[in-house]
């Protein structure tokens, strides 16, 4: 899961990015709206964290514009402005949630998870794909009732593949979903993770469609 | 005791009573004089009347004296009448004891039997006729008459006093209304005062009061805005602290923890600096501080020495060019903060290995402080905006609070000094603060 963090304050940005990485998200961090627009044209993000006190423009106006041009990424707006009109304005501009400063890291992570769930139409923190049961908050998986231990990367990979059942993911797409800027990716890192995931989940669940990408098969 | 009402009442009533008293006494005196003259005149009239009506013959005189029956030596009548013959024999007296002795012709006053008497004596041929009455009797009659005069006067004075008291009360009523209106006011109510049809004398007072309320309201609003701005500005540094502490708690790798602790300490330093600046800015908004003689040379040395660790950490080449002393009148703490903020800014914005120079110069008219650095400077278009509170050139980066320059300007204004920004010969920013003399006192080279 790849997030876009739009925050101009150095210390808050560093700490937030650290916390989000710790929560197993991949993070791209930009400090102004110009760079944010650029990033959004280069890839689709699974969620965005938008701080409103940006130096080069009004964050909400930018968000409205993004929504108009088709960027539907679930977005949490974070800001020092806490009055009711500000919240209403934020939500009406296309934000999915509103978090006033100062906030708790844990709350930010939980809310990001919630808006992403909602975006994918999932009511609960559990996902069931055939005989696979994913617990998104505990980040664990049961295969036919049996608990299987996955590493953080492996779970993230599985979550990605499971997010749109039946969808095929290219290698590039998977990599960009798992790794943010500033994180070195070995050229075969993804294959290694896929390999481990296949081994742990058993059965030919993850299919390699030659020339296209990877697909998670639903098994009863 | 200083009371308008008391003043008015006391003096008006005193004047009224005094005038009343004086005019009463004068009137009394005049009336008594007139009364006495009139009485004397009556005595004469009665005497002449007796003559005109004729007197009884000599032979009847003694029997007339004997038949007169008066039990009261003072007589029921107002006067005593007496008759003597040519030989001085009392022929008739209306008093049983014969009455007062015979006087010469005309008006007389004399004492007889312990009383004052007034008499009028006429000699008509052989007969001497005398009519007299006591002073005391006159007085009694006069007093009875005069009561009819001074009772109405007293009533009138009483009524006038009451009227005065009531009118003074009414006239001063607007003051009481004003007092009630003010005492019922809540502390937060700073709206203009309005009285219904205020008296002309109160209008200037009301205007001045309302002017004061407007100023207080503006000051309070400025303060509230400042507090709101300050609270807002504090949120981001506090968010950083909170997050930094939380991620530190979640981290197990000791190397990473070490780095996170450093981050947290920086965050604390930033928040502390912001709070210091906020407090100073709030103090500047509040009361004026007393001014003493301040030696700027000593102050600059003190500030530079205090900041020298920071300067050394950045490897800056630095120095102070100053005369032996340069004194201005001012607030020591404020001036220290001014110099400190300027030097601090210069250090922060100058890259490692750069230059920093502080200079003090004096001429006949001014004392000037100049701080030069070799940093990036401030582009001319931004030079007006940097004075605004909470304005930062690079928001989000570094530990700046955005308050430093606004505080410098406020302190300079309080000292009637001018601050200006320019490009420095060192390549960065030059800040110059100019104090006019006679604010500057002694100097020596």
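Residue numbers (the numbering used here), protein chains in the order written: chain E, 218 to 437; chain W, 50 to 494. Heads up, the beta-carbon is just placed ideally off N, CA and C, and yes, glycines get one too. These numbers were taken from a predicted model, which means no experiment stands behind them.
Next item on the list: Evaluate residue 159 of chain W with the Cβ neighbour count: other Cβ atoms within 10 Å of its Cβ, from every protein chain shown; 16 or more gives buried, anything less gives exposed.
Entry: What you label residue 159 of chain W is simply residue 110 of the second chain in a count that begins at 1. Its Cβ having fewer than 16 others within 10 Å, residue 159 of chain W is exposed.
Notebook entry, point to check: Once you ignore the five residues that flank residue 344 of chain W on each side, which residues in its own chain have a CB closer than 8 angstroms to its CB?
Noted result: Position 295 of the second chain, counted from the first residue, corresponds to residue 344 of chain W. Sequence-distant partners of residue 344 of chain W (beyond 5 residues in either direction) whose C-beta falls short of 8 angstroms from its own C-beta, in its chain, are 374, 375 and 376.
Note to self: In whole angstroms, give me the CA-to-CA distance for residue 370 of chain E and residue 256 of chain E.
What the structure shows: If you number the first chain from 1, residue 370 of chain E lands on position 153. If you number the first chain from 1, residue 256 of chain E lands on position 39. Rounded to whole angstroms, residue 370 of chain E to residue 256 of chain E spans 23 angstroms at the Cα level.
Check: Under 8 angstroms between C-beta atoms, does residue 492 of chain W make it to chain E?
Finding: As a working mapping, residue 492 of chain W is identified with position 443 in the second chain. With a pLDDT of only 49 at residue 492 of chain W, under 50, the local geometry of the prediction cannot be trusted, and no value is derived from it.
Item checked: Per DSSP, cross-strand counterpart(s) of residue 170 of chain W -> Working through the second chain from its first residue, we reach residue 170 of chain W at position 121. Residue 170 of chain W is bridged to W/155 and W/179.
Checklist line | Nonlocal neighbours in the same chain, by C-beta distance under 6 angstroms from residue 342 of chain E, ignoring five residues either side | finding: The residue you call residue 342 of chain E lines up with position 125 of the first chain. Cβ within range, chain order: 353 and 354.
Checklist line | Span separating the alpha-carbon of residue 383 of chain E from that of residue 422 of chain E | finding: Translated into positions along the first chain, residue 383 of chain E becomes position 166. Translated into positions along the first chain, residue 422 of chain E becomes position 205. Distance between the alpha carbons of residue 383 of chain E and residue 422 of chain E is about 11 angstroms.
Notebook entry, point to check: Which residues of chain W have a Cβ atom closer than 8 angstroms to the Cβ of residue 327 of chain E, listed in chain order?
Noted result: Your numbering for residue 327 of chain E matches position 110 in the first chain. Within 8 angstroms Cβ-Cβ: nothing; residue 327 of chain E doesn't reach chain W, min ~13 angstroms.
Notebook entry, point to check: Excluding five sequence neighbours on each side, which residues of the same chain lie with their C-beta closer than 7 angstroms to the C-beta of residue 109 of chain W?
Noted result: The residue labelled residue 109 of chain W in the question sits at position 60 within the second chain. Note that residue 109 of chain W scores a pLDDT of 46, beneath 50, so its modelled location is shaky and nothing firm can be said.
Note to self: According to DSSP, simplified to helix, strand and coil, what is residue 242 of chain W?
What the structure shows: The sequence position of residue 242 of chain W within the second chain is 193, counting from 1. Here residue 242 of chain W sits in coil by DSSP.
Check: Which residues share a DSSP beta bridge with residue 426 of chain E?
Finding: Position 209 of the first chain, counting from 1, holds the residue named residue 426 of chain E. E/430, per the DSSP bridge assignment.
Next item on the list: Pull up the DSSP beta-bridge partners for residue 412 of chain E, would you.
Entry: Locating residue 412 of chain E in the first chain gives position 195, where the first residue counts as 1. Bridge partners of residue 412 of chain E: none, in fact.
Item checked: Contacts that residue 314 of chain E makes with chain W (C-beta to C-beta distance below 7 angstroms) -> Taking the first chain and counting its residues from 1, the one referred to as residue 314 of chain E is at position 97. When 7 angstroms is used as the limit between beta carbons, residue 314 of chain E is near no residue of chain W, the shortest such separation being about 16 angstroms.
Note to self: Along the chain, where does the beta strand (DSSP E) containing residue 141 of chain W start, and where does it finish?
What the structure shows: Walking along the second chain from the start, residue 141 of chain W turns up at place 92. Segment 139-142, the beta strand (DSSP E) holding residue 141 of chain W.
Next item on the list: Could you check which residue in W/265, W/95, W/478 and W/387 has the C-alpha nearest to that of residue 428 of chain W?
Entry: Within the second chain, residue 428 of chain W is the residue found at index 379, counting from 1. Cα-wise, what sits closest to residue 428 of chain W is W/478.
Next item on the list: Determine the contact status of residue 239 of chain E and residue 302 of chain W, defining contact as a CB-CB distance below 8 angstroms.
Entry: Within the first chain, the letter at position 22 stands for residue 239 of chain E. Within the second chain, the letter at position 253 stands for residue 302 of chain W. No. Outside cutoff.
Margin query: Could you pull the DSSP bridge partners for residue 364 of chain E from this structure?
Written below: On the first chain, residue 364 of chain E is found 147 positions in, with the first residue counted as 1. DSSP output for residue 364 of chain E lists E/359 as bridge partner(s).
Notebook entry, point to check: What does residue 444 of chain W reach in chain E if we use C-beta pairs closer than 8 angstroms?
Noted result: Along the second chain, read from residue 1 onward, the residue named residue 444 of chain W stands at position 395. Neighbours of residue 444 of chain W on chain E, chain order: 225, 226, 270 and 272.
Check: Cα separation between residue 267 of chain E and residue 223 of chain E?
Finding: Sequence index remark: in the first chain, residue 267 of chain E carries index 50 (1-based). Sequence index remark: in the first chain, residue 223 of chain E carries index 6 (1-based). Each residue's alpha carbon lies about 5 angstroms from the other.
Next item on the list: Confirm, please, whether the CB-CB distance from residue 395 of chain E to residue 375 of chain E is below 8 angstroms.
Entry: Here residue 375 of chain E refers to the residue found at position 158 of the first chain. Here residue 395 of chain E refers to the residue found at position 178 of the first chain. No.
Next item on the list: Can you grab the Cα-Cα spacing for the pair residue 428 of chain E / residue 296 of chain E, in whole Å?
Entry: Residue 428 of chain E sits at position 211 when you count from the first residue of the first chain. Residue 296 of chain E sits at position 79 when you count from the first residue of the first chain. Taking the straight line joining both Cα atoms gives about 44 angstroms.
Note to self: I need the boundaries of the beta strand (DSSP E) containing residue 314 of chain E, first residue and last residue.
What the structure shows: Translated into the one-based positions of the first chain, residue 314 of chain E becomes position 97. It spans 314-317 - the beta strand (DSSP E) in which residue 314 of chain E sits, taken as one unbroken run.
Next item on the list: Go to residue 415 of chain W, then tell me how far its beta strand (DSSP E) extends in each direction, as first and last residue.
Entry: Here residue 415 of chain W is taken as the residue at index 366 of the second chain, counted from 1. In the DSSP assignment, residue 415 of chain W falls within the unbroken beta strand (DSSP E) covering 415-422.
Item checked: Backbone CA spacing between residue 240 of chain W and residue 299 of chain E [nearest angstrom] -> The sequence position of residue 240 of chain W within the second chain is 191, counting from 1. The sequence position of residue 299 of chain E within the first chain is 82, counting from 1. Cα-Cα distance, rounded: 29 angstroms.
Margin query: What would DSSP say about residue 260 of chain E, mapped onto helix, strand or coil?
Written below: The count along the first chain starts at 1 and reaches residue 260 of chain E at position 43. In the structure shown, residue 260 of chain E sits in coil (DSSP, three-state: anything other than H, G, I, E or B).
Check: Is the CB of residue 312 of chain W under 8 angstroms away from at least one CB in chain E?
Finding: In the second chain, counting from the first residue as 1, residue 312 of chain W sits at position 263. Yes, its Cβ sits closer than 8 angstroms to a Cβ of chain E.
Notebook entry, point to check: Is residue 326 of chain W buried or exposed, if buried means 16 or more other CB atoms sit within 10 Å of its CB?
Noted result: Position 277 of the second chain, counted from the first residue, corresponds to residue 326 of chain W. With 16 or more Cβ atoms within 10 Å of its Cβ, residue 326 of chain W is classed as buried.
Next item on the list: Taking C-beta pairs closer than 9 angstroms, name the residues in chain W that residue 321 of chain E reaches, listed in chain order.
Entry: Taking the first residue of the first chain as 1, we reach residue 321 of chain E at position 104. Going along chain W in sequence order, the residues near residue 321 of chain E (Cβ under 9 angstroms) are 291, 292 and 295.
Checklist line | Whole-Å CB distance - residue 317 of chain W paired with residue 290 of chain W, under 8 angstroms assumed | finding: Here residue 317 of chain W is taken as the residue at index 268 of the second chain, counted from 1. Here residue 290 of chain W is taken as the residue at index 241 of the second chain, counted from 1. That pair is a contact at about 6 angstroms.
Notebook entry, point to check: Does any residue of chain E bring its CB to less than 8 angstroms from the CB of residue 397 of chain W?
Noted result: The residue you call residue 397 of chain W lines up with position 348 of the second chain. Answer no: the Cβ-Cβ gap between residue 397 of chain W and chain E never drops below 8 angstroms.
Check: Of the choices W/55, W/219, W/369 and W/243, whose alpha-carbon is the least far from that of residue 257 of chain W?
Finding: Taking the second chain and counting its residues from 1, the one referred to as residue 257 of chain W is at position 208. With distances taken between CA atoms, residue 257 of chain W lies nearest to W/243 out of W/55, W/219, W/369 and W/243.
Notebook entry, point to check: For chain E, is any of its Cβ atoms less than 8 angstroms away from the one on residue 287 of chain W?
Noted result: Your numbering for residue 287 of chain W matches position 238 in the second chain. At least one chain E Cβ lies under 8 angstroms of residue 287 of chain W.
Notebook entry, point to check: Can you tell me whether DSSP reads residue 246 of chain E as helix, strand or coil?
Noted result: As a working mapping, residue 246 of chain E is identified with position 29 in the first chain. If DSSP states are grouped into helix, strand and coil, residue 246 of chain E belongs with the strands.
Notebook entry, point to check: What are the residues of the stretch 316-349 of chain W that lie near chain E, defined by any Cβ-Cβ distance shorter than 9 angstroms?
Noted result: 316 and 319
Check: Would you call the stretch 391-403 of chain W and the stretch 421-436 of chain W touching, i.e. three or more CB-CB distances under 8 angstroms?
Finding: yes
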